[in-house]
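If you use this note's numbering, the sequence shown corresponds to residues -13 to 194, in order.
From the three backbone atoms N, C-alpha and C, an ideal C-beta is built for every residue, glycine too.
The structure presented is a predicted model; accordingly, all values stated were derived computationally and were not measured.
Remarks on the structure that follows.
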Amino acid sequence: MTETEKNVKLAVNGGIGFGSKLNAKQLVLLAEYLGDEELELTTFQQLYIQVAESEVDAITKKFNEVGLSVYPVGNYVKSLRHCNFCKGEEQEGMPVAKEINRRIAGKPVPFTLRPAYTGCPIGCGEPLVNDIGVLKVRNGYDLYIGGYAKGADARVGTLVKAQLQPEELYTLIDKILAVFTEHGKKREPFSRFVNRYGFDTLTAQVLD
Ligand code: SF4
């Protein structure tokens, strides 16, 4: 890295799985790239590291090889916050959570967007206080939007549709993100966008 080279922040985690776990191989590789920097643990199951801009692709590749997922930091969709899937991979819909994450994490949006998933109505992944929340209930998936966890403005999201099947769920999330990308103002939090644009207007646009 040259002295004038810009550093960029990357968000790293172990991907979607049982709990937010890291193994020894992953920790050793992270330590190798830390140098004198510190590792920042966020409330969204991500670790932030700073790397030279020119090294992003190579580091991402190396991290991926040991099972670490790497995401951009800033005005992007964050990786999916999730519960620990304590009742089992299939029963709690882990493949669906992985697919949601694959489709949306890292997408550019007007302001950082926090999606969350939880595998049963107990809701350990706190889906109702995040921008987009998915709650598995029996054999379907309930989709909420517009939740907000911070400060005195905290509020729970509103149900868009209950008992969705996976393909319907993916399509609906894609459509909601497309509306936000097109109509959201720069640095407008998604929950504020839902209020300004109108929950009914938004859902009328995305529900067939
Ligand atoms: S939300 Fe349900 S499945 Fe997920 S960790 Fe909590 S109790 Fe377990």
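Neighbourhood of residue i by C-beta distance below 6 angstroms, restricted to the same chain and skipping five residues each side
{"i": "M80", "result": "F71"}
{"i": "G1", "result": "S55"}
{"i": "A91", "result": "Y57, V63, S65"}
{"i": "A135", "result": "V115"}
{"i": "I118", "result": "P101, I131"}
{"i": "Q149", "result": "G126"}
{"i": "T189", "result": "V146"}
{"i": "S12", "result": "Reading the sequence as shown, one finds Gln at residue 12 and not Ser. Answer for Q12: V52, L54, listed in chain order."}
{"i": "V82", "result": "P152"}
{"i": "L163", "result": "none"}
Chain-order list of residues whose beta-carbon lies under 7 angstroms from that of residue i (same chain, five-residue window excluded)
{"i": "K48", "result": "L15"}
{"i": "F263", "result": "Lying before the first or after the last residue shown, residue 263 is absent from the chain, which here runs from -13 to 194."}
{"i": "V59", "result": "K(-5), L(-4), A(-3), Y34"}
{"i": "K171", "result": "P96"}
{"i": "Y19", "result": "I35, V37, I45"}
{"i": "K73", "result": "G105, C106"}
{"i": "L27", "result": "L33"}
Residues of its chain near residue i, where Cβ-Cβ distance is below 8 angstroms and the 5 sequence neighbours each way are ignored
{"i": "Q31", "result": "N(-1), S6, S65, R67, H68"}
{"i": "L25", "result": "L16, L33, Y34, I35"}
{"i": "Y156", "result": "E85, I86, R89"}
{"i": "V42", "result": "V(-6), L(-4)"}
{"i": "L158", "result": "L129, V146, K147, L150, V192, L193"}
{"i": "G21", "result": "none"}
{"i": "A140", "result": "V115, Y134"}
Terminal residues of the beta strand (DSSP E) in which residue i lies
{"i": "I35", "result": "33 to 38"}
{"i": "T104", "result": "101 to 104"}
{"i": "V120", "result": "118 to 123"}
{"i": "L(-4)", "result": "-7 to -1"}
{"i": "T29", "result": "Taken as a continuous stretch (DSSP letters only), T29 belongs to no beta strand (DSSP E), as it is neither H nor E."}
Host alpha helix (DSSP H) of residue i (start-end)
{"i": "Y183", "result": "176 to 183"}
{"i": "D128", "result": "No alpha helix (DSSP H) contains D128, which is instead part of the beta strand (DSSP E) from 126 to 131."}
{"i": "F13", "result": "One detail in the question is off: residue 13 reads as Leu in this sequence, not Phe. Unbroken alpha helix (DSSP H) run through L13: 10 to 20."}
{"i": "L155", "result": "152 to 169"}
Whole-angstrom C-beta distance between residue j and residue i, which should lie under 8 angstroms
{"i": "P107", "j": "L121", "result": "6 angstroms"}
{"i": "E78", "j": "G109", "result": "12 angstroms between Cβ atoms; not a contact."}
{"i": "I86", "j": "P101", "result": "7 angstroms"}
{"i": "K161", "j": "V192", "result": "4 angstroms"}
{"i": "G133", "j": "Q151", "result": "Incorrect: roughly 23 angstroms between the Cβ atoms, too far for contact."}
{"i": "P94", "j": "N61", "result": "6 angstroms"}
{"i": "T144", "j": "F185", "result": "6 angstroms"}
- Query: Can you list, in chain order, every residue whose CB sits closer than 7 angstroms to a heavy atom of the ligand SF4?
  - Reply: A distance filter of 7 angstroms between CB atoms and the heavy atoms of the ligand SF4 selects the following residues in sequence order: C69, N70, F71, C72, K73, E78, T104, G105, C106, I108, G109, C110, G111.
- Please go through the region 34 to 88 and give each complete alpha helix (DSSP H) segment of 4 or more residues, from N-terminal end onward. If you keep only unbroken alpha helix (DSSP H) runs of at least 4 residues inside the region 34 to 88, you get 42 to 51.
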